Every structure is written in structure tokens, then in C-alpha cells.
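A.B. asks: Residue 20 in my numbering sits at position 26 of the sequence shown, and the numbers go up by one each step. C-beta: ideal position from N, C-alpha, C; glycine also. Values in this document were obtained by computation on a predicted structure and should not be read as measured data.
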Amino acid sequence: QQISRFTGTTQISSDFLFITSLFLLLPNARLYFTSTLRISMKASVPREDVVNLLRNLRPEMLEDTLEVHRMNYPTDPFIPWSIFSFCTLDGIRLTIEVSNRGFTVGQVGLFTKVRNQTRYHYLTVVKEMVGRSYPTVESILMLASPFYQAKHSTTPRKNSRELLRKASKPWLHTVR
-5 QQISRFTGTT QISSDFLFIT SLFLLLPNAR LYFTSTLRIS MKASVPREDV VNLLRNLRPE
55 MLEDTLEVHR MNYPTDPFIP WSIFSFCTLD GIRLTIEVSN RGFTVGQVGL FTKVRNQTRY
115 HYLTVVKEMV GRSYPTVESI LMLASPFYQA KHSTTPRKNS RELLRKASKP WLHTVR
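What follows is the structure in C-alpha cells.
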């Protein structure tokens, strides 16, 4: 009961007898006991982390486009345990798979009515992201969405109209 209250799961209490029997039989079972406890604690955390992540991403996606395809606890390191998809404010649809490797872009798509710049960005950058793993969803959004990049970038972006004006009338900007 102490372990189940500590981790917040009931699965540990059923394994408690097996682990304590190993602890009594084997002299070095204490290491096994602590590693099993840590793994179980980690296994119960990521599902809530993904839910909090999706709550924080709501302002960055189009309304009513979030679909959660799968939301499980991590059991197999090679199978994604959470899959969700949404559409960015630019109109780019992303399907993200969460596994022990990180966040992997599974599929990408494009709404039919998007600007030409968004379509060009989709063809040159976003299609190349499929199958690659990233450490955070923010890193995926920084690459996939120019709007997100402009909103959250740490480096200031230059105004394209100002650069165009300086290039077309260089005599206005000369140093005397």
C-alpha cells in the first residue's frame, strides 16, 4: 500500500509480492526493486504530460482540429503510445506520434485554401519532416509553421518591406 500511494498507481501493489519475494531470495535484489519502482513511476507520468501539452498547444492550432487517435501508457519502446493530429494556424495538418524516441512526425497534410507562401513552405520544408523524431513539439512547430516561428522566435525577424525599400532607393539610406 505504501508503494501504491507513493506512485499513484494500483499496478505496483499487485507486483509488490513478486518484488518482495525477489528481495528476500536474492542478495542484490534491492537494486532491482528500486529500478522497478522508478520505471513504474516514469510509466505513469507521460500520459498526463501529453494532456497538459495539448492544453498548452490549443492557441497554436485551428479550432476543432485536434484529434487524439491513441492515448495509452508506454508499454513497448518501439510502438508509439500516443498519436494525435491537429492543424496549425497556417493550414498545415500534422500527425505526431509520441514514443520513447520523442515526438515523430507521422503524416502531414495541407488544407485546400492556403496562401502560396504556405504551400511553398509545405512543399520545401514540411514534407521533409515526415519520419523524423524531435525532442519537443515546439521544435516541430518552429519548423512546420512560419506563423508559430514568427510569434515565438527569439531572434528578431527583419521586415521584408523595409529591406525592399532600402534596396529600391539606396540613396535615401546612405551615410553622410
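Can you tell me where the alpha helix (DSSP H) holding R113 begins and where it ends?
C.D. replies: Position 119 of the sequence shown, counted from the start, is the residue given in the question as residue 113. That run of the alpha helix (DSSP H) goes 110 to 118.
A.B. asks: Quick check on G85: buried or exposed, where buried means 16 or more other Cβ atoms within 10 Å of its Cβ?
C.D. replies: One-based indexing of the sequence shown puts residue 85 at position 91. Per the 10 Å Cβ criterion, buried.
A.B. asks: Within this structure, are the beta carbons of L48 and F78 separated by less than 8 Å?
C.D. replies: Numbered from 1 along the sequence shown, position 54 holds the residue referred to as residue 48. Numbered from 1 along the sequence shown, position 84 holds the residue referred to as residue 78. Yes, Cβ-Cβ distance for L48 and F78 is below 8 Å.
A.B. asks: For P71, collect the residues of the same chain with a Cβ closer than 6 Å to its Cβ; drop the 5 residues on either side in sequence, then sort them by chain order.
C.D. replies: Translated into positions along the sequence shown, residue 71 becomes position 77. Cβ within range, chain order: N94.
A.B. asks: Helix, strand or coil for V44 per DSSP?
C.D. replies: On the sequence shown, residue 44 is found 50 positions in, with the first residue counted as 1. Here V44 sits in helix by DSSP.
A.B. asks: Alpha carbon to alpha carbon, what distance is there between T59 and C81?
C.D. replies: The sequence position of residue 81 within the sequence shown is 87, counting from 1. The sequence position of residue 59 within the sequence shown is 65, counting from 1. Cα-Cα distance, rounded: 6 Å.
A.B. asks: Would you mind reading off the limits of the beta strand (DSSP E) that contains L104?
C.D. replies: In the sequence shown, the residue the question calls residue 104 occupies position 110. Per DSSP, L104 belongs to the beta strand (DSSP E) from 96 to 104.
A.B. asks: Kindly indicate which three-state DSSP category E61 falls into: helix, strand or coil?
C.D. replies: For the purposes of this step, residue 61 is taken as the residue at position 67 of the sequence shown. If DSSP states are grouped into helix, strand and coil, E61 belongs with the strands.
A.B. asks: From K145 to V62, what distance separates their C-alpha atoms?
C.D. replies: Mapped onto the sequence shown, residue 145 falls at position 151. Mapped onto the sequence shown, residue 62 falls at position 68. Their Cα atoms are separated by approximately 25 Å.
A.B. asks: S139: buried (16+ other C-beta within 10 angstroms of its C-beta) or exposed?
C.D. replies: Translated into positions along the sequence shown, residue 139 becomes position 145. With 16 or more Cβ atoms within 10 Å of its Cβ, S139 is classed as buried.
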